[in-house]
Amino acid sequence: MKQTSKEGRIHVVLNPKEKPVLAADWPDQPEHSLLRSIEQEMEALIGLSGLKTLIRELYASAYISKKRTEAGIETKGHMLHMLFTGNPGTGKTTAARLIASMFKRLGLLEKGQFIEAERADLVGEYIGHTAQKTRDLVKKALGGVLFIDEAYSLARGGEKDFGKEAIDTLVKQMEDHQNSFILILAGYPREMAHFLSMNPGLQSRFPLIHHFPDYSVDELLQIADVIAAEKKYEIDHDSRHILTAIIEQEKRLSGFRFANGRNIRTLIEKAARRQAVRLMAQSVHSKKELKMLKGEDFQLSQ
Ligand SMILES: Nc1ncnc2c1ncn2[C@@H]1O[C@H](COP(=O)(O)OP(=O)(O)OP(=O)(O)O)[C@@H](O)[C@H]1O
Ligand SMILES: [Mg+2]
Numbered sequence: 001m002k003q004t005s006k007e008g009r010i011h012v013v014l015n016p017k018e019k020p021v022l023a024a025d026w027p028d029q030p031e032h033s034l035l036r037s038i039e040q041e042m043e044a045l046i047g048l049s050g051l052k053t054l055i056r057e058l059y060a061s062a063y064i065s066k067k068r069t070e071a072g073i074e075t076k077g078h079m080l081h082m083l084f085t086g087n088p089g090t091g092k093t094t095a096a097r098l099i100a101s102m103f104k105r106l107g108l109l110e111k112g113q114f115i116e117a118e119r120a121d122l123v124g125e126y127i128g129h130t131a132q133k134t135r136d137l138v139k140k141a142l143g144g145v146l147f148i149d150e151a152y153s154l155a156r157g158g159e160k161d162f163g164k165e166a167i168d169t170l171v172k173q174m175e176d177h178q179n180s181f182i183l184i185l186a187g188y189p190r191e192m193a194h195f196l197s198m199n200p201g202l203q204s205r206f207p208l209i210h211h212f213p214d215y216s217v218d219e220l221l222q223i224a225d226v227i228a229a230e231k232k233y234e235i236d237h238d239s240r241h242i243l244t245a246i247i248e249q250e251k252r253l254s255g256f257r258f259a260n261g262r263n264i265r266t267l268i269e270k271a272a273r274r275q276a277v278r279l280m281a282q283s284v285h286s287k288k289e290l291k292m293l294k295g296e297d298f299q300l301s302q
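At position 7 of the sequence shown (counting the first as 1) the number is 7 in full-length UniProt numbering, and the numbers step up by one without a gap.
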């Protein structure tokens with residue numbers, strides 16, 4: 001479904017009433033083994049139903065596009081540059097990495113490397129330096145994905161700033177290397193709308209705009225389990241209410257800048273350190289104790 005936001009941008013969002021695209025509805029053909037492995041990777045991601053639908057749509061487009069070519073229907077490659085909006089820790093970098101790896105395995109990208117960059121990697125210190133720096137970065141990303149986080153910071157400083165030169169160079173590079181790399185720009189929603197207004201050619205070059213909503217407390221608890229399991233810890237069942245209260249408080253204290261999944265990662269890392277200190281008081285440790293994070297280990301991160 002398409003929706004026009006307050007800033008006048010078109011956002012592709014999943015209407016809760018709209019049926020999500022599910023791969024389970026597609027016939028299980030042997031050539032879909034790649035899809036199955038992507039589905040498995042997506043299973044580890046909590047929530048993100050809109051993103052999962054987008055990824056299945058991209059898979060379907062690539063697959064059917066191949067079938068169309070095989071049937072002699074001439075097709076032009078699609079532009080796949082994307083714009084991700086969302087608050088910190090909502091999964092934008094994780095999603096971009098997954099998309100880069102899927103496109104490589106689908107043969108849509110020659111190498112599939114994932115280059116993560118920020119303002120300082122594009123903007124130089126003197127006239128002419130920025131254009132060269134930006135071109136060099138794009139060159140490194142050819143055959144893969146160039147992911148620019150906090151892209152709106154390029155628009156900081158307005159017309160006279162070197163950031164503007166970086167934006168203009170990026171637009172030119174997208175033109176020159178049409179389907180040889182995918183550019184994904186990420187940032188907070190409001191700031192990204194301002195960013196797009198900096199160059200008239202920008203808007204139309206990003207056919208895919210995806211918004212990453214904040215996670216619910218329940219989703220954040222599930223993310224806590226995923227991150228704890230990654231690090232071979234378990235969260236004590238009896239302490240879940242303490243963790244819930246801490247997450248709710250963190251959300252309240254940080255307002256719209258709450259760092260979602262990143263905040264949860266910090267909470268777990270801090271809890272692991274506090275568990276270590278707690279266990280130092282004992283001389284013998286069972287395997288269960290070594291794995292378990294208890295209520296007393298969790299503390300507000302600020
Ligand atoms: N849906 C999810 N399921 C499991 N873990 C998640 C999910 N979303 C985010 N995380 C975890 O939260 C952390 C932050 O995610 P990520 O870096 O992808 O967010 P981001 O939107 O790029 O953040 P930022 O804007 O701060 O760069 C990562 O450690 C990731 O593992
Ligand atoms: Mg990120």
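Don't be surprised by glycine CBs; every beta carbon is placed ideally from N, CA and C.
Residues of its chain near residue i, where Cβ-Cβ distance is below 6 Å and the 5 sequence neighbours each way are ignored
i, result
"Ser38", "Before going further, note that residue 38 is Ile rather than Ser in the sequence given. Around Ile38: Met102."
"residue 361", "Coverage of the chain is limited to positions 1 through 302, which leaves residue 361 absent and any answer about it impossible."
"Phe147", "Ala96, Glu116, Ile184"
"Glu7", "The predicted position of Glu7 is uncertain, since its pLDDT is 39 and thus under 50; no value can be drawn from it."
"Gln173", "Val138"
"Lys294", "Asp236, Ser239"
"Leu220", "Ile247, Ile264"
Bridge-paired residues (DSSP) for residue i
i, result
"Gly187", "Thr85"
"Phe162", "None, per the DSSP bridge assignment."
"Arg147", "Checking the sequence shown, residue 147 turns out to be Phe, not Arg. Answer is Glu116, Ile184, bridged to Phe147."
"Glu234", "Met292"
Any non-hydrogen atom of ligand 1 closer than 7 Å to residue i Cβ
i, result
"Gly50", "no"
"Leu45", "yes"
"Ala155", "no"
"Asp225", "no"
Cβ neighbours of residue i in the same chain (closer than 8 Å, five flanking residues each side left out)
i, result
"Ala44", "Val226"
Own chain residues within Cβ distance below 7 Å of residue i, not counting five before or after
i, result
"His78", "Ser61"
"Gly201", "Val171"
"Glu250", "Phe258, Asn263, Leu300, Ser301"
"Lys291", "Lys232, Tyr233, Glu234"
Heavy atom of ligand 4 within 7 Å of residue i beta-carbon
i, result
"Thr94", "Ligands present in the displayed structure are limited to ligand 1 and ligand 2, and ligand 4 is not among them."
Residue i CB to nearest heavy atom of ligand 2 below 7 Å
i, result
"Asp136", "no"
"Asp236", "no"
Given 8 Å as the limit, is there contact between the segment 268–279 and the segment 96–104, that is, 3 or more CB pairs closer than that?
no
Residue ranges of each beta strand (DSSP E) within the segment 40–121, 3 or longer
82–86, 114–117
Do the segment 182–202 and the segment 85–95 make contact, defined as three or more Cβ pairs closer than 8 Å?
In this structure the segment 182–202 touches the segment 85–95; the number of beta carbon pairs closer than 8 Å is three or more.
Three-pair Cβ contact test at 8 Å for the segment 39–59 versus the segment 161–169
no
Stretch pair the segment 124–135 + the segment 58–72: three plus CB contacts closer than 8 Å
no
Just checking, does the segment 63–76 make contact with the segment 240–251 on the three C-beta pairs under 8 Å criterion?
no
Within 8 Å, do at least three Cβ pairs link the segment 251–267 to the segment 215–234?
yes
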